[in-house]
Each structure stands twice: as structure tokens, then as C-alpha cells.
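Sequences listed follow chains B and C, in order. The opening residue of the first sequence carries number 1 in the numbering used here; numbering runs sequentially from there. The opening residue of the second sequence carries number 1001 in the numbering used here; numbering runs sequentially from there. We treat Cβ as the ideally placed atom computed from N, Cα and C, and that holds for glycine. A quick note: this is a predicted structure, and the numbers were derived from the prediction, not measured. Only one structure is covered here, and it is reproduced in the block below.
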Amino acid sequence: MVLIASSPAPQGLPPAAISALVRWWKTLVIENPSGQARADRAVLRRAHDLTAVACLPAYQRVYRSMAGTEGTGDWPPFQQERIAAIVALLAHVKADSGLTLPRAMSLRAEGSDRNPVSELRFRRLLDAGDVETLFAGLRRALPLVEHRVDPESLAKDVFFWGDGVKKRWAYDYAWSMT
Amino acid sequence: MHLLEEPWIPVLRRDGARAWVTLAQMSDPDIVAFDAPRADFNGALAQFMVGLLQTTTPAASQVQWRRLLLTPPDAATLADWFAPHAAAFTFDGPGARFMQDFDLRASDGDPVGIGALLIEAPGENAVKNNSDLFIKRGHVTRLCPHCAALALFTLQVNAPAGGAGHRTGLRGGGPLTTLLVADGGPEAPRSLWQTLWLNVRHQQDFLAGDAGEGHEAPHYTFPWLASIAAIQQEGGQTTPVQVHPAHVYWAMPRRIRLDMDACSAGTCDLCGRSSDALIERYVTRNYGLNYKGAWLHPLSPYYEAKDGLLPLHPQPDGLGYRHWLSWVLGMQSDKRKVVRASVIEQFLSGDVEHRSGIGLRLWAFGYDMDNMKARCWYESTLPLYQLADCSPAAQQSLREEVGAWLQGAELAVSYLRGAVKDAWFSQDARGDFSFVDATFWGRTEAAFYELLRARIQAPAGTDRVATAERWLRHLIDTALHLFDHDWVGSGPVERMNPARVAAAHRLLRASLNGPKLRAALALEVPAKAGKKASVKPSKKA
């Protein structure tokens, strides 16, 4: 096995990087987006796994714009994978509802007696042990919340996916037994 | 061996050396602590010495008492105090022996191994069933006379139920004892004398009108000086009115006589010193003094039960700051009434000028007994800070305030325990959840004492509401932290039942921020605000 000689140190998700990401996302959802934005959105939406995302120039451009912000550098591969998931998922988000994912997934539509994302499906999401599984799960869950979620909280939760985020999700989701 | 002449008291000197001294030497300012080979012996020794001083001291006024606290009597004076009672402290010989039955003789019945004097030793039944799993039989088979005297006194003080007619002690089996300790800080430890003397009252206080009229004969104080028939009718009971008030320190519930004839030479199994008179066995008989009635031991707190006051006993949850109030100031809440030990009561309700300037701690200890079985020995010292300088009025307001803090903590720990249970188990889970309580009390202890010290040292400088708010904040943070990091949150949520965990968490949060806890802390309850939180989660996290 070949070790990568100069793998960068893990880093968090600095505010500047998040703004760059959100700025890019807004170019996708404004009225009459540019041709470039439409094309990026289309290829990102079609990518069905993280390897496919990583190979897209569209993703590479967003990644570069994030890594180029002040106080930010290259992320190590395991974190790049998470950013790829975030970028591809944001391509599916059509509007900012101001809700975190667990809230959006359990906010019932007027008159409905079921959560948009069922408890069973939500538990499977919680069970996602790696980002690939989480990506697949969320990609299927986003249509159920009508592609509406707070993009910033989505980015943070996917980037920091782990026991802490899972616990917060479990607390925030409105379980029917409560 | 005579206990007034023999150097049989193991003590610790200021330089850290262990020594064995006589009773008259106990006022030596160089002695800082007892140093017996076992913790329960140290506790018994303290009670022995306090009892001996209380029984023999001529000090009859607050002024005399105060003088003796500051200037300990010399050995000759102490010897003079003890001399009139010399007959009671013979340990061997043909006649009356210290803490041993007057009538019983070594030939009366089957001998019992001397190790059975120790509280935790496996009983006859455990040996027969081969169930002595943790503490094996045969650890202690030979005791030197010094250790035997200590073991005997320790047993008589703590006497647990021992089968038909083998009586429990005057305060029941394994009582809780609370003693005042003179505290000079780690740099300048106070002498043991001050600690002992703090727990002795002058005679007017101690006798409080009951000088034991008609009970001047020595056996009313030291029951081993006569047949038990001289005190108690056959099949009868022994109540406080039948004996001298000082009897309370010398209660002898068990009938025991050590066999001093079958001795051997060798090393003692407890202290490791060599002796040519190691005691190996004793005989015992049932139906000794049966202590009933309104006994009030001066060194123990009592709680109010349906039929009068009962002595407190250590419980499996140990000793801690949650007991501070009831042991030090007493408790008068609707749920629970506890009367502090009368020595502490008299000390703290006396003249401030006679006690001010003394650094104090409280030393609490005792066995947690399950009938005959010793479950645990608990021992703890609790800080009292400058409580000796507090006026009665200040003590009263302190009692109310600390009472509220403890009520709040009790409530918070019950919320936490319930939440952990709900998060882990459906329906009613039975079992021992005391580990939750134990960690909660442990994590909040330091903050409690910090508040307490501030409150005692500067009663005017602390704001009641601000202090209670701080305590509330700490209770909430600790409970949530324990839930999220130590207990429920320590495992991956997706491997549990997340819905149940989330519900328990939500309820815990709502209860901790609810009106009940604020009310328990005597804090203002915001109108209505408490109710909404538990029903509907707000929309944005």
C-alpha cells in the first residue's frame, strides 16, 4: 500500500468556506440561473455515488472556491469525501425552509398524520455508519421533504456526521410516541 | 490486664509515628488521631474515650468546659478523674470484667472462635453453608488483649442482630455516629484531645436534671459490674429510667466472656505485635440487656418515625453532602424530621462566645448492616467551616436555605434517574439505579460546598436568590451532562431506541426547567412558562 506523502491535516468547516458554499448554492436556486449553474446542477443531481461526484468538474470548482477562502486549505481525502456529499446533496435542495434535516423530516404537512420521513426510514439514516450510506439515504429523503431544508445546517451535519450529530438528530426529530 | 494502667490505645503522634498509650495520656497535645488497625476500631475508640470523659469529668459549667478545651488537663488530673471507676476497667481476673458478662464462665457452653467478635466475620450459618465468599472464615484466630478489648467494645457498640436473644446495641445494629472534630487545617492538625472534648458536655448539660438518683451504684453505669438481673428482670427490657444516664455510653447488649485461660504465645492477627497471652475464644449466651424505650444516644442523629425517635443507620447509598443538613442542623421538612445528635445540638445552641474561633468538621461513620451481615463500613468527614461563629438566628436561616438546596438536588436526581430508566427500558424497569444517584451526588458535591462555605463565611454578602439560581444552573447542567455523556449518551443513539431516548431527554429537559424544581429551591416561578416547554417542541432548534 502506498501512503500519500503529504496528506493535509484535518480541519473543520470555517465560516468563510460555508459562505462560499452557500453563495454557490444560491446561484443554483435564483430565478433564471445561468447556463453554467443549470449544467452543474444537472450533472450533480445525476451523480449517484460519491466517486461519481468527485470526478465532476462542477464539484471540483465548488471545492476550489471553498478551499481558496481565507484561513482554509485543502482537506484530507476523508473530509473531501464529505464535502463531495454536501455539494451533491445541495444540488437537490431547491429552497431554504430554515429547518434542520431532522426537523424537516418530521414536520407534518397541514392535516397529515404522518411524518414526511417515517420513523423507520429515519432510524436507518441514523444507522448510516459512513458518508456513502448517509449520502444515499439523504438523496432519497430530500424529495420527501420537498427539497426544502436549511443548506447551512445540512452542510454542517454531513460534515460532522458522527455520534454527536446522530444524538442531536434523535433529539430533534419529532417521534410520534412523544 | 487493667485498662486504666495498660498502654492499650493505639494513637498517631504529630510526627506520624504510631504509639500505644494509656488512657490518662490521652490529653497529650502531641496525639492527633486514633490509629487502630481497623476503621471500626477507631470509631469505637472515639466513642469509648468520649464516654469515659463524659462519665468521669467533674467539669460542671460552660466556663470550666471551655478552659479544658483550650488547656487540656495533664495526665495526673485525668488519672484522678478515672480512679474512682477503676473497678469497671479490669479486663481479666476472676470477677467483673470490662464489657463481659458477670455470671458467665468459660466453662458455660461451647467456645466460639475469637474472630467472631469482628462485625464482618462470617456467622455460624455462613460457615455451615460454606457461603463465606468474600470474607473468609479463619482470618483472625488469635488476638492480643489490647485488640480483644477493642474488638469486644466495638461489637457491643455496633451489635447487630445475632439470632434469637442475641441483642442489638442500644441504637440498633450498626448505628450512625456523628462527632465534632477540631479542624486546624492540614498544616496545623489539632490535638485529639480537642476533638474528644468537643463531644463531651459539662455535667449540667449532660445530666440535664437527671443526676441518676437511685442509680448511683456503679453497675447502673457499667452493667458488667453485676448480674444483668440487677438491672433487668428476666424476660424484661432495659429503659433509660432503670439506669444511670451515663449508661448510654456503656451499653452491653451481648453476653460474652473471653476465655483467658486457654491463651497462647505468638503474634496477634490484627496488630501483628507479639504477645504471650493471645486470646483464642470466648463463650456467649443470649438474652442479655434488651434496650427498649426512649434512649437518646448523645452522639447519634435520630429521625422521627411513627412511634417516636429512631436512631439513623448508614444506608447502602453511603454518606455525603445530602446528609449535611440533617446531621449538622437537623431537618424539619414535611417529609422528614431529623434531630441532630444531642452533643451537636447543645454545642451549636450554646453561647457563641464559648465556641467561636474553633475550626470544625463533622466525622460521621457506621456500619451499613443487613441484619447480621455487614454490607459496608462508611466513614466520612464533612466540613462545617465557621459554623461555630454563627448565631442561632443565622443557623436558622441557613437551615432553611440549605434545606431548599437539598430539596432541589433530590428532585433533580429523581428526574435524572427516571430519564435514564425511561431511555433504556420500556415500561417499569426494576433494578438498582443507585449508580445514577451516586454519580449525581458526587458531581455536585464540590459546588455544594463552595456555595455553603460562601454562605457561612459571609451570610450578609450572599444573595439568597442569586445563590439558589447558581445552584439550580449547576443541577440542570450536571443532570443533562450525566444523561448525555455518562449514561444514555455514552452509547451510539442508533443502537438504542432513539425515539425513547429522545422522549426521555425532552422530558428531562422540561422537568429540570419546570416550575417544580424552581419551587423546591424557593425561587420565583414564572407564570405559565413552565408548562408549554414539555408539550410542543419549538420549530427551530
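Query	Result
Return the residue from the list B:L125, B:V53, B:R103, B:S176 that minimises the CA-CA distance to B:I86.	B:V53
Which residues of chain C have a Cβ atom closer than 9 Å to the Cβ of B:A170, listed in chain order?	V1493, E1494, M1496, P1498, A1499, V1501, A1502, H1505
Note down, in chain order, every chain C residue with its Cβ under 7 Å from the Cβ of B:W175.	A1499, A1502, A1503
Give the interface partners of C:G1489 over in chain B, defined as CB-CB distance under 7 Å, in chain order.	K167
Count the other C-beta atoms from every protein chain shown that fall within 10 angstroms of the C-beta of C:R1167, then say buried if there are 16 or more, exposed otherwise.	buried
Going along chain C, which residues have a C-beta under 7 Å from B:E119?	A1499
If you draw a straight line from the alpha carbon of B:G164 to that of C:V1488, how long is it in whole angstroms?	12 Å
Determine, for C:K1532, whether the minimum Cβ-Cβ distance to residues of chain B falls below 8 Å.	Reliability fails at C:K1532, whose pLDDT of 47 lies under 50, so the model's placement of it is uncertain and the value that follows must be treated cautiously. Not one chain B Cβ lies under 8 Å of C:K1532.
Exposed or buried, C:K1539, counting other C-beta atoms within 10 Å across all chains shown (16 or more means buried)?	The pLDDT assigned to C:K1539 is 42, lower than 50, so where the model puts this residue is not dependable, and the model offers no usable value.
For C:N1042, which of C:A1419, C:R1473, C:H1474, C:G1366 has the nearest alpha-carbon?	C:G1366
Going by DSSP in three states, B:K167 sits in which element: helix, strand or coil?	helix
Pick from C:W1441, C:Q1346, C:A1404: whose alpha carbon is nearest that of C:V1465?	C:A1404
Using the three-state DSSP reduction, which class does B:A20 fall into: helix, strand or coil?	helix
Tell me which residues share the same chain as C:A1533 and place their Cβ nearer than 8 Å to its Cβ, disregarding the 5 neighbours each side in the sequence.	Reliability of the predicted coordinates at C:A1533 is poor, the pLDDT of 46 falling under 50, and no value is obtained from them.
In its own chain, which residues sit with a C-beta less than 6 Å from the C-beta of C:G1530, not counting the 5 before and 5 after it?	For C:G1530, the predicted model reports a pLDDT of 47, less than 50, meaning its position is unreliable; a value from the coordinates is still stated below. Within the same chain, C:G1530 has close Cβ partners G1514, P1515.
Taking just the CA atoms, how far does C:L1070 sit from C:L1078?	15 Å
What three-state label does DSSP hand C:M1026 in the structure shown?	helix
Over the uninterrupted alpha helix (DSSP H) stretch that includes C:P1058, give me the two end residues.	Taken as a continuous stretch (DSSP letters only), C:P1058 belongs to no alpha helix (DSSP H), as it is neither H nor E.
List in chain order: all unbroken alpha helix (DSSP H) runs of 4+ residues lying wholly within the region 1381–1435 of chain C.	1392–1424
Within the region 86–118 of chain B, note down every full alpha helix (DSSP H) run reaching 4 residues or more, in order along the chain.	101–106
Any Cβ of chain C within less than 8 Å of the Cβ of B:L154?	no
Looking only at its own chain, which residues have a Cβ that is under 7 Å from the Cβ of B:L126, when we skip the five neighbours before and after it?	K166, W169, A170
Is there a Cβ of chain C sitting closer than 8 Å to that of B:L126, yes or no?	yes
For B:P77, which of B:S7, B:W161, B:E152 has the nearest alpha-carbon?	B:S7
In the DSSP assignment, find the beta strand (DSSP E) that holds C:V1032 and state where it starts and stops.	1031–1034
Per the DSSP calculation, C:K1337 is bridged to which residue(s)?	C:Q1332
Of all the beta strand (DSSP E) runs that stay within the bounds of the region 1134–1192 of chain C, which reach a length of 3 or more residues?	1177–1182
For C:N1158, count the other beta carbons within 10 Å of its own beta carbon; 16 or more makes it buried, fewer makes it exposed. Which is it?	buried
Looking at C-alpha atoms only, which residue of C:Q1054, C:A1423, C:Q1407, C:A1374 is the closest neighbour of C:W1197?	C:Q1054
What are the start and end residues of the alpha helix (DSSP H) that includes C:W1471?	1464–1481
With 16 other CB atoms within 10 Å as the buried threshold, where does C:A1208 fall?	exposed
Name the chain C residues whose beta carbon is nearer than 7 Å to that of B:R82?	Chain C residues near B:R82: none, gap ~18 Å exceeds 7 Å.
Which value, in whole angstroms, describes the spacing of the CA atoms of B:V117 and C:W1441?	41 Å
Please tell me whether B:R23 has its Cβ less than 8 Å away from any Cβ of chain C.	no
Determine, using beta carbons only, whether C:T1177 and C:S1300 come nearer to each other than 8 Å.	yes
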